[in-house]
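Taking it in order: structure first as structure tokens, then the write-up.
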Amino acid sequence: MPIEFGLWRLDDSNFARVSSSTLDEESRLEELLREDPHVLGRDLLIIGQQVRTASGNRLDLLGIDAMGDLHVIELKRQRTPRDVVAQVLDYASWVRTLTYDDLTEIFDDYDESREFEAAFSEKFDSARPEGESGVPEDINQTHSLTVVAAELDAATERIIEYLADEYSVPINAVRFDYYEDDGREYLARTWLVDPQSTSEAPSKRESWNGTDYYVSFGHGKHRSWTDAREYGFISGGQGTWYSRTLKQLSVGDRVFTHIPGEGYVGVGEVISERTPVTEFTVETDDGEEIPILETDLDATAMDENAESPEEREYLVGVEWRDTRSIKNAYWETGMYANQNTVTKLRNQFTIDRLYDHFDVDD
């Protein structure tokens with residue numbers, strides 16, 4: 004049960020309680036939250052409003068925090084307790100599947116004036132630890148659900164408390180009381196459950212062994228797995244999102260390479276750090292070092308945008324320990340895959356199977 008909030012007016016001649024009422028339109032409350040989501044006590048970037056979900060319904064507001072976790076904000080809008088809670092849980096089942104590309108598409112529909120990455124950095128970079136910037140490598144690891152109402156009935160409170168207490172569903176509700184006094188308007192926020200004690204969704208992130216990295220290798224005209232196996236490299240480019248995570252790799256790191264839609268094709272050790280495609284060299288059969296762009300490449304467009312620091316390919320040198328052709332790529336249902344070019348490989352299920360399948364020196 005939420006703690007009641009009271010507001011009194013004090014002046015020289017009067018001491019009186021200001022009467023609360025409900026906001027005339029909850030759509031107005033939605034706009035206030037969109038303009039300043041910190042009204043909820045959370046530092047969020049709103050990335051979507053009235054977002055159409057897979058079921059065809061529209062989620063009121065979708066936000067993201069500095070960790071890359073998502074926040075579903077749904078107004079009660081005079082619906083029955085059963086309807087509003089069922090709706091927000093349905094949204095949660097959809098939100099948990101969203102990829103990075105899904106989020107950028109949602110944001111593009113919401114704000115055509117900015118790129119998602121620029122908006123994220125503008126909102127959060129100043130408050131993050133030194134050296135951290137941009138969208139985190141693993142987004143949408145957890146999510147939370149907030150039901151917002153001008154009034155909360157006992158049944159809604161009871162259902163939400165039950166889900167939070169008995170099943171640790173990351174759900175809460177907040178009521179906004181509306182006050183008007185002497186021509187001025189006020190809102191007072193009351194949480195159903197103390198946000199500091201609200202259950203959080205269990206993290207999907209496992210511990211990292213300090214050695215193994217996952218690499219997504221988009222085989223195509225800009226980079227070829229045939230070339231990568233022959234000349235010893237991994238690469239990413241045609242946009243800073245695809246090349247920036249290559250900076251994580253240092254000499255001695257172990258990389259497991261995955262081709263989207265196919266499976267894992269190789270494991271190797273990093274022998275040189277991220278290098279622009281125009282500066283990456285390879286050794287010929289007679290021991291001569293030549294630029295990779297002077298070789299006979301299977302990737303016909305590897306030199307595309309080569310003069311653009313933002314768009315060109317970047318390569319990381321790799322000494323392969325074990326590789327497979329794309330036709331023989333290894334994949335099992337449940338294995339880890341990610342839209343980022345490089346992430347720390349934490350998923351133990353995947354690691355165990357890769358260690359069994361590939362020639363790995365433990």
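Residue numbering for the sequence shown follows this note's numbering, beginning at 4 and increasing consecutively. We put the beta carbon where it would ideally sit given N, CA and C, even for glycine.
Taking a contact as a CB-CB distance under 8 Å, the pair GLU272 and VAL321 counts as one, their CB atoms being some 7 Å apart.
Looking at the DSSP output, GLY51 sits in a beta bridge with LEU65.
Taking the C-beta atoms as reference points, TYR94 is found no nearer than 8 Å to ILE142. Here the alpha carbon of MET305 sits roughly 41 Å from the alpha carbon of VAL75. HIS146 is bridged by DSSP to LEU73. Taking a cut-off of 8 Å for Cβ pairs, the stretch 324-341 and the stretch 354-361 touch, as three or more such pairs fall below it.
Residues of the same chain with a CB within less than 7 Å of the CB of LEU32, apart from the 5 flanking positions on each side, are LEU26, LEU78, VAL151, ALA153, PHE179 in chain order. For ARG99, no alpha helix (DSSP H) run applies, since DSSP gives it neither H nor E.
Here LEU35 has VAL42 as same chain residues with Cβ atoms under 7 Å from its own Cβ, once five neighbours each way along the sequence are excluded. Selection ILE274, ASP86, ARG45, PHE236 evaluated against VAL254 yields ILE274 as nearest (Cα-Cα). Taking THR83 as reference, the option from GLU233, ILE162, GLU276 with the minimal CA-CA separation is ILE162. Bridge partners of ALA19 according to DSSP: ARG12. Boundaries for TRP211: no alpha helix (DSSP H) harbours it, and the DSSP string shows neither H nor E there. In the displayed model, HIS261 falls within a strand according to three-state DSSP. Secondary structure within the stretch 271-297: the beta strand (DSSP E) runs of 3 or more consecutive residues, fully enclosed, are 284-286, 292-294 (chain order).
ARG277 sits close to LEU249, with the two beta carbons spaced by under 8 Å. Here THR344 carries a coil assignment [DSSP, helix/strand/coil].
As computed with DSSP, VAL319 is found in a beta bridge with ILE237. In this structure, VAL285 lies away from ALA309, with their beta-carbon atoms at least 8 Å apart. Membership of THR243 in the alpha helix (DSSP H) is indicated by the continuous run 243-247. Between the stretch 287-306 and the stretch 227-242, the count of Cβ pairs shorter than 8 Å is three or higher; the stretches touch. With contacts defined as CB atoms closer than 8 Å, ARG327 and VAL363 fail to qualify as a contacting pair.
When the five nearest sequence neighbours on each side are left out, the beta carbons in the same chain lying within less than 6 Å of the beta carbon of THR214 are those of ARG257, in order along the chain.
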